[in-house]
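Asks: Numbering (our numbering), first residue to last: 205 to 388.
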Amino acid sequence: MSLALDPEAALASLRTLHEAIDREVDLLNEEHAERLRCGPGCSACCLDGLTVEAVEAERICRAHPDLLRDTEPHPIGACAFLDGEGSCRVYADRPSLCRSQGLPLRFLLEDEHDEVVERRDICPLNLEGGPPLEELVEEACWLLGPAELRLAAIADAFSTEGKRERVALRGLFERDRPSNRESR
Ligand code: SF4
Ligand code: SF4
């Protein structure tokens with residue numbers, strides 16, 4: 205992992221970003237409570253092979269040294285941080301991308317005519333129990349983009365020489381670090 209010029213400031217900014225995401229997500233969770241099936245034990249969205257910005261990996265490493273040193277990652281096939289009951293073992297420190305899982309999502313992209321078009325999506329488990337996505341007002345959806353831009357700026361501040369690094373969540377477990385794999 206690269207050394208940051210000011211890792212403490214970057215980590216403080218990351219915590220602020222996570223808190224801001226959580227505040228917005230809490231409001232949307234309340235609004236969509238009837239359709240959301242998310243909760244302990246539901247973990248189909250916790251995929252294996254996720255990578256995160258180095259600054260988000262650092263937050264997890266600092267908060268969970270015992271977990272990473274003394275416990276095993278979840279077996280291959282789901283996120284290494286899931287426990288046997290399908291709950292996240294680093295929930296309070298989970299990466300940004302995990303924090304808005306399950307909500308109606310809205311994103312903007314350019315079509316083949318260079319026109320900006322909107323797309324919407326939601327976890328299939330949360331499709332029923334509320335209005336069709338296309339009938340939701342924009343504010344009722346989580347807009348992909350703004351939080352990612354803020355995270356990118358924080359990740360830039362955390363990196364050295366402009367080289368941002370993505371880190372595999374599974375690789376944070378001591379036994380799965382490349383240096384340790386070679387010696388086993
Ligand atoms: S970090 Fe936690 S919430 Fe995110 S994918 Fe892994 S188990 Fe799921
Ligand atoms: S997003 Fe879907 S798979 Fe993930 S916790 Fe919510 S309902 Fe379950």
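For each residue, glycine too, the CB sits at the ideal point set by N, CA and C. Here the structure is a predicted model, which is why all the values come from computation and not from measurement.
1. Using the Cβ count rule (16 or more neighbours within 10 Å means buried), how would you classify Ala-237?
2. For Arg-323, which option in Leu-329, Val-371, Leu-348, Pro-299 has the closest C-alpha, if you only look at C-alpha atoms?
3. When you compare the CB positions of Arg-263 and Leu-218, do they come within less than 9 Å of one another, or not?
4. Below 8 Å on the Cβ atoms is my guess for Arg-368 versus Ala-359; work out the distance and round it to an integer in Å.
5. If you measure from each CB to the nearest heavy atom of ligand 1 and keep those under 5 Å, what residues do you get, in chain order?
6. Relative to the C-alpha of Pro-244, which residue among Arg-273, Glu-289, Arg-310, His-317 is closest?
7. Given this structure, state the Cα-to-Cα distance separating Leu-251 from Ser-363, to the nearest angstrom.
8. Could you compute how far the alpha carbon of His-317 sits from the alpha carbon of Arg-310?
9. Kindly list the residues whose CB is nearer than 6 Å to the CB of Gly-390, restricted to its own chain and excluding five residues on each side of it in sequence; keep chain order.
Replies: According to the data block:
1. Against the sequence shown, residue 237 aligns to sequence position 33. Classification of Ala-237: exposed, given that the 10 Å Cβ count is below 16.
2. Locating residue 323 in the sequence shown gives position 119, counting from the first residue. Comparing Cα-Cα distances from Arg-323 to each of Leu-329, Val-371, Leu-348, Pro-299, the minimum goes to Leu-348.
3. Locating residue 263 in the sequence shown gives position 59, counting from the first residue. Locating residue 218 in the sequence shown gives position 14, counting from the first residue. Between Arg-263 and Leu-218, the C-beta spacing is below 9 Å.
4. Counting from 1 along the sequence shown, the entry for residue 368 is found at position 164. Counting from 1 along the sequence shown, the entry for residue 359 is found at position 155. Contact flag correct, Cβ pair sits at about 5 Å.
5. Selection output, chain order preserved: Cys-250, Cys-283, Phe-285, Leu-286, Cys-292, Arg-298, Cys-302.
6. Counting from 1 along the sequence shown, the entry for residue 244 is found at position 40. Minimum Cα distance to Pro-244 is reached at Glu-289.
7. Translated into positions along the sequence shown, residue 251 becomes position 47. Translated into positions along the sequence shown, residue 363 becomes position 159. Here the C-alpha atom of Leu-251 lies approximately 26 Å from the C-alpha atom of Ser-363.
8. Residue numbering aside, residue 317 sits at position 113 when the sequence shown is read from its first letter. Residue numbering aside, residue 310 sits at position 106 when the sequence shown is read from its first letter. Rounded to the nearest whole angstrom, the CA to CA distance from His-317 to Arg-310 is 20 Å.
9. Within the shown structure, residues of the chain are numbered from 205 to 388, placing residue 390 beyond reach of any answer.
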